[in-house]
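The sequence shown lines up with residues 35 to 619 when you count with the numbering used here. Even glycine gets a Cβ: it sits at the ideal position worked out from N, Cα and C. Treat the numbers as computed from the prediction; the structure is a model and nothing was measured.
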Amino acid sequence: MEQTWPTDERQGQTTRELSVPLWLTRERALYGLMVAVGLAVRLAALGRWPLLEEEAETALAAWRTLQGSTWRPEYYSPLLYGANLFCFALLQATDAAVRLLPALVGALLPLSLYALRERVGRHGALAAAALLTLAPTWVFFSRTAATPILATGSSLLLLAAGLRYVATREERFLTLGAVALALGLASGPGIYTLLVAATLFGGGQLLAARRGQNKLGRTGQPPLYTAITRRHGLLLVGTFLAIASALGFNLGGIGASADLAGWWVRDLFSTSDLPATAVPRILVTYESLTLVLALIGAVQGLRRKDDLTAFFGIWLLVALATSILGGHRTPMWSVDALLPLVLLAALGAQTLCQELSIGATPYEWAAVAVALAVSAFGFLKVATYTHTGQSDALTYARVAWGLLIIAWAAYWYWRGVQPALLVATIVLGAAFGVLTVRATTAVAYQTARDAREPLAQWPTSQQMSAFREWIITYSSRRAGDPHALDVAYVEDLDPWIGWYLRDFWTVEAIPGLPLATGQTALIAPAREEDKPPPGYVGQRFRLREGWAAQRLSPRERLRWLFYRDPVGHEIAEEFEIWVRLSSAE
C-alpha cells in the first residue's frame, strides 16, 4: 500500500506523486537503523577471540553429539546447545558459528523497546534501544556464546507481552508470553531473576488490591493469571519441550533446562572469591550513561507512584541483592541488574525529553559549543598527562572543568532552569556517549580477552589461537596432514583443548598424569616440577589469564581508561605440549 502526497494546485504546480510505504515512519526507520548497526557491530570479526569456558563447553558438547558422544557439561543452555547443533550440521563448526545466535538476538533487542514505546514513552524507548545497541555490556555478551543475552531477549519479550496484554486485554499477547516464557526457561538462569521479581511484585499488588489500596483493587480488573487458559498452558509446555530438546535431538536438554533453576540457586548460595561490589563495579565502569538516566527515571517514577517504575525497582533490587549479599558476582550476573536499569533509563530519557521540550535557542547552542570546546581542552590536557606524566597538564584540566561548572551556574542564573538543564544534558550526554562508545570498541575489538577488563573474568588467552595454528602447522609437517597428528591430553584441559583439537582424527583425552608415551604429542597442565618424558621436547602456551588485585597510580588508571594500555601485571594458567622427536629432528 502506498501513500500519495498531494500538491498545491492553487499555485499551478505540476502534479507530482511521492510514494512512501504507509508502514514506514521515521520512528520505525530509526529502529531499523539500530538493528542494522547492531548487526554490523556484533557480526564483525565475530570469531576473532578464542572461546571462553562456558562458550567452549556448550560448543564442544554440540560437536561431540554430532560425533556420537553423549557428553554434556554440568550446566548449559539447551537453547544455545540446540542452535550450535544445527549450525554445525548445516555450516562449519567455528568460533563465529558458536556465537551466531547470541549476536542475532543481541542485534534484535532494540525491537523489544518498540513494543514497549507506548508504556515507557517513544523518546525513552528510542534512547533505551540505542543503549541496547551500543552499550559495552550488551555488545560484549552479544559477541559471547553464553546465557545472559538469550535470557535477556526472552525476558524483554515476556515483559512486552505482559504489558501489552494488561493494556489491551488481547489474547494474542498471552500467546506471545507463553512462547517467551518457554524460550526463557531453556535459555539461561537469568530468567529466574525476572520471575522472582515478578512474583514479589505480583504478591504485593494482590495484597494491596485486597486492602483496596491500588487502582487494580478499586476497578476490579482481574489479575493476569486468571486469563491463562488450558491452551496457553499446552502451548507453553509444547514450545518448551521442542526448544529444550532441540526438536527431539537432545532429550537430555529437558532436564538441563530444569537444572538452570539449580544453577541460579547454586550460584546464589556459593562462596565467591570476588568482592561484594563486583557487579556494581561493572555497572559503574561500563554503564555510566545508563546509570544516570536510570536514576532520573527512578526518581520521577517514584514521585508519580508509578507501578511500572516500582516493578523495575524491585527487579533491580533483587538482582543487586543476589549479587551483593549472595554469590551472583561473576560478570554474567551483571546483566540481570543492567536490564531493569535500561528500562528505568527509558523512563528517565522520556522525562528529560518532556522537561526539555522547549527547544534550544541560539544562546543554548552557543553555550553548548563553548562547553564542548572547554571539555575537549580539558581532555587534551588529561591526555598529555597520561603520555608525559606532567602534573601541570592535569592541573590545567581541573581548572578548565572547574571554570566550566562556575560558568554553567552563572548561565542557570541568567537564562533559567530549563535552558541550563538543556545545555547540561547535551554536554554530559556527549561526554558519557563518547566514554560508552570507547568502552564498547574496547570490549568488542581491542581488549575482549584482556584480564584487566572486569567483564572478562579469567578469559581464555589469545595464545589459544596461536596454539591451534601451531599444532596444525606441525601436524602438516610431521604427519603430512593438518589433522592427522596423534595427540593425548589431560582431560582437565577440557573444554578448551577438546574444542580446538576437534578436527584431529586421533586425539585422546586421558584422566591425568603420568601420560602414556605412545603418542606423538602429549598435552598437560604446566607445572614447574614436571619434566618432559624421555625423547620429547616441550613448549608452553597460556590457557587462561587473570588479574590479581594491584595498586595502580591515577596515571595508570587513565591510560587504561582512555587507551587500554597494558598496566600492572597479569597472571596466567599455562599448559605444555610435548612432542616426540623424530629421527629427522
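The ligand NAP heavy atom lying under 6 angstroms from the CB of residue i
i      : result
Trp530 : For the ligand NAP, the structure offers nothing, since it holds no ligand at all.
Residue i classed as buried or exposed, judged by whether at least 16 other C-beta atoms fall within 10 angstroms
i      : result
Tyr397 : exposed
Ala93  : buried
Pro136 : buried
Ala201 : exposed
Pro79  : Checking the sequence, you will find Ala at residue 79 rather than Pro. Per the 10 Å Cβ criterion, exposed.
Ala482 : buried
Thr178 : buried
Gly116 : buried
Ala74  : exposed
Ser146 : buried
Arg245 : exposed
Gln424 : exposed
Pro84  : buried
Phe345 : buried
Thr167 : buried
Thr343 : buried
Arg60  : exposed
Gly222 : buried
Rounded C-alpha distance that separates residue i from residue j
i      : j      : result
Trp612 : Arg502 : 15 angstroms
Ile605 : Thr209 : 50 angstroms
Pro600 : Leu615 : 38 angstroms
Gln130 : Thr99  : Checking the sequence shown, residue 130 turns out to be Ala, not Gln. Whole-angstrom Cα-Cα distance: 19 angstroms.
Ala242 : Ala417 : 55 angstroms
Trp442 : Val451 : 11 angstroms
Ala583 : Arg486 : 10 angstroms
Val213 : Trp105 : 29 angstroms
Ala216 : Leu234 : 21 angstroms
Gly463 : Ser176 : 24 angstroms
Ala353 : Val173 : 20 angstroms
Leu25  : Val541 : Residue 25 cannot be examined here, being either before or after the span of the chain that is shown, 35 to 619.
Glu87  : Glu608 : 15 angstroms
Leu228 : Gly286 : 25 angstroms
Leu595 : Ser103 : 45 angstroms
Phe413 : Leu378 : 30 angstroms
Pro453 : Gly267 : 54 angstroms
Leu269 : Thr171 : 33 angstroms
Trp492 : Trp530 : 13 angstroms
Lys565 : Pro559 : 12 angstroms
Pro545 : Ala465 : 54 angstroms
Pro309 : Arg576 : 26 angstroms
Leu58  : Leu386 : 26 angstroms
Ile330 : Pro374 : 14 angstroms
Val404 : Glu204 : 52 angstroms
Leu124 : Gly514 : 28 angstroms
Thr253 : Gln239 : Only weak support exists for where Thr253 lies, its pLDDT of 43 falling under 50; the coordinates are left without a value.
Ile358 : Leu323 : 22 angstroms
Proximity test, Cβ basis, 7 angstroms: residue i and chain C
i      : result
Thr356 : Absent here is chain C; the protein component of the structure consists of one chain.
Same chain only: Cβ atoms within 7 angstroms of residue i, ignoring 5 sequence neighbours per side
i      : result
Ala394 : Leu456
Arg198 : Ala149, Phe207
Val408 : Ala434, Leu438
Ala127 : Trp97, Arg536
Lys249 : Model confidence at Lys249 stands at a pLDDT of 48, short of 50, so the residue's coordinates are unreliable and nothing is read from them.
Residues sharing a beta bridge with residue i, DSSP
i      : result
Ala522 : Glu542, Leu556
Glu579 : Ala606
Gln573 : Ile611
Thr494 : Arg578
Cβ shell of residue i (< 8 angstroms), same chain only, five flanking positions each side left out
i      : result
Ser291 : Pro112, Leu219, Ala220, Phe274, Ala278
Ile506 : Pro516, His517
Gly602 : Arg486, Trp581, Gln584, Leu586, Glu590
Ile557 : Val521, Ala522, Tyr523, Val524, Leu527, Ile531, Phe609, Glu610, Ile611, Trp612
Ala280 : Pro112, Tyr115, Gly116, Leu119, Phe120, Gly287
Ile316 : Thr171, Pro365, Ser368, Pro488, Leu489
Cβ shell of residue i (< 6 angstroms), same chain only, five flanking positions each side left out
i      : result
Phe411 : Ala434
Ile348 : Ala231, Leu234, Phe235
Thr356 : Leu302, His362
Gly81  : Thr128, Asp129, Ala130
Pro182 : Phe175, Gly224, Met366, Val369
Inter-residue CB distance, residue i and residue j (contact presumed, cutoff 8 angstroms)
i      : j      : result
Arg363 : Ser306 : 5 angstroms
Leu519 : Tyr534 : That belief does not hold up - the Cβ atoms of Leu519 and Tyr534 are roughly 13 angstroms apart, past 8 angstroms.
Glu610 : Arg574 : 5 angstroms
Leu134 : Cys121 : 6 angstroms
Leu381 : Val69  : Actually they are not in contact, since the Cβ atoms of Leu381 and Val69 sit about 23 angstroms apart, beyond 8 angstroms.
Val402 : Val461 : 6 angstroms
Ala169 : Thr470 : 6 angstroms
Thr160 : Thr420 : Before going further, note that residue 160 is Leu rather than Thr in the sequence given. That belief does not hold up - the Cβ atoms of Leu160 and Thr420 are roughly 35 angstroms apart, past 8 angstroms.
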